[in-house]
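Taking this note's numbering, the leading residue of the sequence shown gets 3, the next gets one more, and so forth.
Yeah, the Cβ is synthetic: ideal placement off N, Cα and C, and Gly gets one too.
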Amino acid sequence: MSSLATNAHSNMKQVMRTALVGVSPADQLMLKGYLRVLLRLEADLEWVPANHPQVDLLFINEEFRASSSVKKLLSATATKPVLFVKRDSDGKKGGLHSDLLVLPLTQLTQLNDWLMTNIEVLKDKSSHHHRSRPDTTMTPQPTPQAAPAKPAEIKPVPAQAAPKPKEATFDDLIAFMQLVSLRSEGVYELLINGKRAGIASLKRQRIWLSQNVGELDATWQLKKVTDKLPTDESLDLFQWLWNKAWQNPKPLLPLVSDNQTFKLRYWPKPEDEKNRSDLLRIFTALEGGPRNLNTLADLADTSVNSVKKAVAGLLLSGALQPTTYTTLTSPLTANSSQQVKGSANKVSMTGQGTDGARPAVASTGSALDDILARRASGQAAQPISSSIDININAASTAAKPAPSAAKENKRGFLSKLRNKLGL
Numbered sequence: 003m004s005s006l007a008t009n010a011h012s013n014m015k016q017v018m019r020t021a022l023v024g025v026s027p028a029d030q031l032m033l034k035g036y037l038r039v040l041l042r043l044e045a046d047l048e049w050v051p052a053n054h055p056q057v058d059l060l061f062i063n064e065e066f067r068a069s070s071s072v073k074k075l076l077s078a079t080a081t082k083p084v085l086f087v088k089r090d091s092d093g094k095k096g097g098l099h100s101d102l103l104v105l106p107l108t109q110l111t112q113l114n115d116w117l118m119t120n121i122e123v124l125k126d127k128s129s130h131h132h133r134s135r136p137d138t139t140m141t142p143q144p145t146p147q148a149a150p151a152k153p154a155e156i157k158p159v160p161a162q163a164a165p166k167p168k169e170a171t172f173d174d175l176i177a178f179m180q181l182v183s184l185r186s187e188g189v190y191e192l193l194i195n196g197k198r199a200g201i202a203s204l205k206r207q208r209i210w211l212s213q214n215v216g217e218l219d220a221t222w223q224l225k226k227v228t229d230k231l232p233t234d235e236s237l238d239l240f241q242w243l244w245n246k247a248w249q250n251p252k253p254l255l256p257l258v259s260d261n262q263t264f265k266l267r268y269w270p271k272p273e274d275e276k277n278r279s280d281l282l283r284i285f286t287a288l289e290g291g292p293r294n295l296n297t298l299a300d301l302a303d304t305s306v307n308s309v310k311k312a313v314a315g316l317l318l319s320g321a322l323q324p325t326t327y328t329t330l331t332s333p334l335t336a337n338s339s340q341q342v343k344g345s346a347n348k349v350s351m352t353g354q355g356t357d358g359a360r361p362a363v364a365s366t367g368s369a370l371d372d373i374l375a376r377r378a379s380g381q382a383a384q385p386i387s388s389s390i391d392i393n394i395n396a397a398s399t400a401a402k403p404a405p406s407a408a409k410e411n412k413r414g415f416l417s418k419l420r421n422k423l424g425l
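Listed below in C-alpha cells is the structure:
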C-alpha cells in the first residue's frame, strides 16, 4: 500500500488542488491515475485552473517551458511547486529528474517522495511516509492512450475507476486550442475521432488536409509528428479554424463563460457578408478589452449570443490573448454534476440575454447535460421537461422589482392583493 495511504483513519482529508497546463489528454489520464493511486486515502483531488489562488501543484508540458505565457504564469506562481511533463519515446526511461517528470513511470517511489516533501497540504503526513516505504513498481504503458497500471495489492476505488468520456470533459478541444495559441515549432497531425485528417505547421499557420473535414466536434486533437511538410498547396490554418468554428460553434460555447473577460490578439477575416459589420464591431470592442460578453454586446450594439459565437471562433483559432488559454478548464466538472443532482427538481426561470432572448447554449444530447452546460457557463437553465417541478410562482415573484413608494400608494387594494399572491 502507498505510504500516502497509510493514514486511513485520519479525522479529515486534505484537498490537493492541481492544475494541468498544455498536457495532452493521454498524459492527463496517466497523471490522474498516478495521483489517485497515491492519494486515494490521504487527500481529495481537485483539478483547478492554473490561475487558481490556492493551487498546490502545477503540471506543465515541457514543450511550453520557454513560452512567454508559461513564463508569465510561473512568475505569478513563484512559490507554487511545478513539475514539467515529458513523454519518453521508448517508454522505458520514465522517472523524476529534478523538476522534469518523464512518462510513463515504471515505479512511483520518486514521485511519492517528491509530493511528500514539496506539497504543503501533505507535509503533515511525512511521519507516515518515513515509517513505510511503498511498493510502487509500475508496469510500463504499451500505448499513450492506455491508463497507468495500478499495483496489484491496491484495489481500485469504484467511484474513481472509470474516467469521464473525452466528449464530456472537453479535454481534447482544450489541449488543441492551447497548442494552436502557442504557435510552436514542429509538425503536427490533425486527428479527428483518432484518424488523421491532415498535418499542420503551427508556427507558419498552414495546414495540409488529406480528407474532407466536416463540422467541428469535441474529438479534434493535435499530435506532434516527425513528418516533413508537403510542398503542395496549403490552407491558412488561422482562417480555416475561424471558419470552422463560425460554421459550427456549438462544441465551443460551454467553454465561453459569461463572466470571463476576453481581449483580441489576432484579427480573422470575416467571410460571412451578412454578419460582417457586426463582427467588425465585436472585434474592435475586443481589441480594446479585456471585456466580458455583456460589455462587448453593448459596445458592439449586438446580442450576447452573437458575441458568444464570435468569441468561440476566436478561441479555437488562437486569436485571443495567451492568458485566456492558460486558464481554460472543462466546464462539466464533478462539482457541477453534484450541484445539478441536488437541485434537479427546482430549476430557476430567471436569466435573460441582453437582447431579451434566452442565452443560447449548446445541447450535449440530454436534458441533464443541457443543465450542466448552462450552469458551468454561468447561465440560467431553461425548462426542459414537464416532469421537472418548476416553481413558477416563486420565480416570477422573485424576478419582479419592488415597486416604489409613490407607485405603491397609487395602486388599489385588488392590485396589491394580486401582487402578494403572485398573480
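Please determine, among Gly97, Pro272, Trp242, the residue with the shortest C-alpha to C-alpha distance to Tyr36.
Gly97
CB of Thr263 to nearest heavy atom of the ligand PLP: below 7 angstroms?
No copy of the ligand PLP appears in this structure; indeed no ligand is present at all.
Pull up the DSSP beta-bridge partners for Thr331, would you.
The partner list for Thr331 (beta bridge, DSSP) is empty, contrary to what the question assumes.
Whole-Å CB distance - Leu218 paired with Lys246, under 8 angstroms assumed
5 angstroms
From the DSSP output, which residues share a beta bridge with Met238?
Reading the sequence as shown, one finds Asp at residue 238 and not Met. Answer is Arg208, bridged to Asp238.
Cβ-based neighbour list, Ile121, same chain, cut-off 8 angstroms, excluding 5 preceding and 5 following:
Met18, Asp58, Leu59, Pro83
What did DSSP end up calling Gln180 once you bin it into helix, strand or coil?
helix
Inter-stretch contact at 8 angstroms, needing at least 3 Cβ pairs: the segment 314-329 / the segment 174-186:
yes
Distance, Val215 Cα to Leu282 Cα
27 angstroms
Can you confirm whether the segment 227-239 touches the segment 252-270 when touching is taken to mean that 3 or more C-beta pairs between the two stretches lie within less than 8 angstroms?
no
Where the beta strand (DSSP E) containing Ile201 begins and where it ends
197-203
Look at the alpha carbon of Thr356 and the alpha carbon of Lys276, and state the distance between them as a whole number of angstroms.
Confidence at Thr356 is low in this model, with a pLDDT of 41, below 50, so its placement is unreliable and no value can be given for it.
Grouping DSSP H, G and I as helix and E and B as strand, with all else coil, what is Tyr268?
coil
Residues of its chain near Leu288, where Cβ-Cβ distance is below 7 angstroms and the 5 sequence neighbours each way are ignored:
Phe264, Lys265, Leu266, Leu298
Collapsed DSSP secondary structure at Thr111 in the structure displayed:
helix
Identify every residue that forms a DSSP beta bridge with Met18.
Leu47
Please list the terminal residues of the continuous beta strand (DSSP E) segment that includes Lys88.
84-89
Excluding the 5 residues flanking Ala400 on each side, which residues of the same chain have their C-beta closer than 6 angstroms to its C-beta?
Only weak support is given to the placement of Ala400: the predicted model assigns it a pLDDT of 45, under 50, and the question is left unresolved by the model.
Candidates Leu85, Leu193, Ala21, Glu64: closest to Val50 by CA position
Ala21
Gly320 burial status per 10 Å Cβ neighbour count (16 or more: buried)
buried
Which first and last residues belong to the beta strand (DSSP E) in which Gln223 is found?
223-227
Helix, strand or coil: which one does DSSP assign to Glu191?
strand
Simplified DSSP assignment, three categories, for Asn294
coil
How is Phe285 classed by DSSP in three states: helix, strand or coil?
helix
For Ala314, which residues in the same chain have their Cβ closer than 7 angstroms to its Cβ, ignoring the five residues on either side in sequence?
Ala247, Pro251, Leu254, Leu255, Val258
For Lys310, which residues of its own chain have a beta-carbon under 7 angstroms away from its beta-carbon, when the five flanking residues on both sides are left out?
Leu255, Val258, Leu295
How far does the alpha helix (DSSP H) with Leu37 in it reach, from first residue to last?
27-41
Give every residue of the same chain whose Cβ lies closer than 7 angstroms to the Cβ of Lys95, excluding the five residues on either side of it in the sequence, and list them in chain order.
Val104
Identify whether Phe66 lies in helix, strand or coil by the three-state DSSP scheme.
helix
Mind checking which residues open and close the beta strand (DSSP E) that includes Gly315?
Not the beta strand (DSSP E): Gly315 falls in the alpha helix (DSSP H), residues 306-319.
Please report how far the alpha carbon of Val306 lies from the alpha carbon of Arg208, in whole angstroms.
32 angstroms
Which partner residues does Gly97 have in the DSSP bridge list?
Val104
Measure the CB-CB distance between Leu224 and Tyr190 and report whether it falls below 8 angstroms.
yes
Per DSSP, Leu254 is paired with what?
Answer is none; Leu254 lacks a bridge partner.
Own chain partners of Gly200 with C-beta closer than 8 angstroms, once the 5 adjacent residues on each side are dropped
Glu191, Leu192, Ile209, Trp210, Leu211, Ser212, Gln213, Val215
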